[in-house]
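Residue numbers (our numbering): 1 to 533.
Cβ coordinates follow ideal geometry from the N, Cα and C atoms, glycine included.
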């Protein structure tokens, strides 16, 4: 589902006396779609609303600036080699309690990250670090992880293999530092209350009312004081829907409002300026490749692919502002180095071809001994958008292939469990991007370590070989070529079927400056926001 975003800017000129005070104090009130369960960087969910809060309260070795360029965070400079990374930490990086952020804070955090007892949901991202895979598999001690503090301000990282995307990995919240003393004192409550959360970013948590609001105030210990204009942010109006946001915007109580397809026309009628942004998601079909499942047959997958009209799906079914057809599993903004991959190698346009689909289906019938009317199951998240897409797919397969597609709506957790086990022929799914690089998806779908857990993924050695080649590529041209080989493999084998990339739509008050949308994990970045007179 698309992330919901709303901002209430307390600006000069609002009649309320309280609003005048808040405007003077440079406070911004923001809406997020859901309250984070935890801000423990090791165990927090990889979702937009958690990433949004953490990006404002904490910082890793590197970060993205206002133009989405990779730049230094806690690290002032770094060295990259085929077998190691070295980071020199800035002297003025500090925790909110005034203690310095040290290299040992990163060593402790990363060792906890890969410790199987932590059960960190995104720990697999650490796989390029030496011994991480063995530790995650329970075959090595976490203290053998290839990370060490050469001094209080120098961090050394040994790599298991060349990793051209590893600097980008360092922006992810799972690689943020953790003070060991603070972590151990907080115990299981770490990251769940203001007093058990320790900030080293632009803001710190001063109040947290579960499910209601999270108050942030400027962190006086943060090293970039001259670049932070706001004094406070309150994450309030949690879960406000687009209709409510639009009404608040019209009443000058909201500076930014998120739109859906139902509110877009109203905003256009009011001649409001609409901006689109990548949500960081890409809807696609994951086929089960478990032996014995009909969907493990390539001919059947090809037949299904060829009856889907993606243009019709996007324009008539999804019908959401900015949404784009996806002919690749790689988002259109994902970069290799600084260049979008799809700019380097534009994908072939998907064209529906019912006659060709029927040829593939006939081949599948012979290979699988299918009944006259085969039955497949499509598992989805039980929400409106997923249902609309599922019903479209159901109609296309019924009309053109005489395939009965059973729609299986589930909670998000149960949907993921069934997909992981590979017990449904097809799963309509999306997940946020964790790294601005195609290796994010390639690692997940090609690394044999992941496929032992996600049993429905394609498990051929040919895919694994492509993964190993892609992860070892260093130079730009070689990286583009190796990623292209993976893309062609996905397309030819129909191992997965990309459908569409949703873009969100916003209306923004003209006196809000410095607003940045970060597509990795899909969140609004307010760190450079200024409220102009």
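Item, Value
"Spatial neighbours of residue 381 in its chain, beta-carbon cut-off 6 angstroms, leaving aside the 5 residues before and after", "412, 415"
"Buried or exposed (CB count within 10 angstroms, at least 16 for buried), residue 71", "exposed"
"Segment contact, 8 angstroms Cβ cut-off, at least three pairs: the stretch 169-178 with the stretch 37-48", "yes"
"Own chain, CB closer than 8 angstroms to residue 297, minus 5 neighbours either side, in chain order", "364, 367, 368"
"Residue 329 - containing beta strand (DSSP E), residue span", "Looking at the DSSP string, residue 329 is not in any beta strand (DSSP E), and its letter there is neither H nor E."
"Beta-carbon proximity of residue 405 to residue 376, cut-off 8 angstroms", "yes"
"With 16 other Cβ atoms within 10 Å as the buried cut-off, status of residue 206", "exposed"
"Cβ pair count under 8 angstroms reaching 3, the stretch 269-278 against the stretch 505-519", "yes"
"Between the CA atoms of residue 361 and residue 403 - distance to the nearest angstrom", "10 angstroms"
"Reduced DSSP category for residue 236 - H, G, I as helix; E, B as strand; rest coil", "strand"
"Within 8 angstroms, strictly: CB atoms of residue 595 and residue 93", "Here the chain comprises residues numbered 1 to 533, so residue 595 is not present and cannot be evaluated."
"Three-pair Cβ contact test at 8 angstroms for the stretch 117-125 versus the stretch 224-233", "no"
"Validate contact between the stretch 190-198 and the stretch 102-113 using beta carbons, cut 8 angstroms, 3 pairs", "no"
"DSSP state of residue 221 mapped onto helix, strand, coil", "coil"
"Residues of its chain near residue 82, where Cβ-Cβ distance is below 8 angstroms and the 5 sequence neighbours each way are ignored", "159, 162, 474"
"The stretch 95-112 touching the stretch 448-465, judged by at least three CB pairs closer than 8 angstroms", "no"
"Proximity below 8 angstroms, CB of residue 59 to CB of residue 201", "yes"
"C-alpha distance - residue 137 paired with residue 442, whole-angstrom precision", "20 angstroms"
"Nearest candidate by alpha-carbon position, reference residue 387, set 370, 408, 342", "408"
"Presumed contact (8 angstroms Cβ cut-off) between residue 235 and residue 213, rounded CB distance", "6 angstroms"
"CB of residue 500 within 8 angstroms of CB of residue 283, strictly", "yes"
"Span of the alpha helix (DSSP H) around residue 130", "Where residue 130 is concerned, there is no enclosing alpha helix (DSSP H), given that its DSSP letter is neither H nor E."
"Sequence-distant residues of its chain with Cβ nearer than 6 angstroms to residue 530 (five each side left out)", "229, 513, 514"
"Residue 423 - DSSP class collapsed to helix/strand/coil", "coil"
"In DSSP terms, what residue 84 is bridged to", "158"
"Whole runs of the alpha helix (DSSP H) within the stretch 286-348, excluding any shorter than 4 residues", "298-306, 341-344"
"DSSP three-state assignment for residue 410, whether helix, strand or coil", "strand"
"Cβ-based burial, residue 79 [other Cβ within 10 Å; buried from 16]", "exposed"
"Cross-strand partners of residue 148 (DSSP beta bridge)", "156"
"First through last residue of the alpha helix (DSSP H) which encompasses residue 187", "Note, residue 187: premise wrong, no alpha helix (DSSP H); not H, not E."
"For residue 416, the three-state DSSP class (helix, strand or coil)", "helix"
"Range of the contiguous alpha helix (DSSP H) that encloses residue 443", "439-446"
"Near the ligand MN: residue 384 beta-carbon under 7 angstroms from a heavy atom", "Of ligands this structure carries none, so the ligand MN is not represented either."
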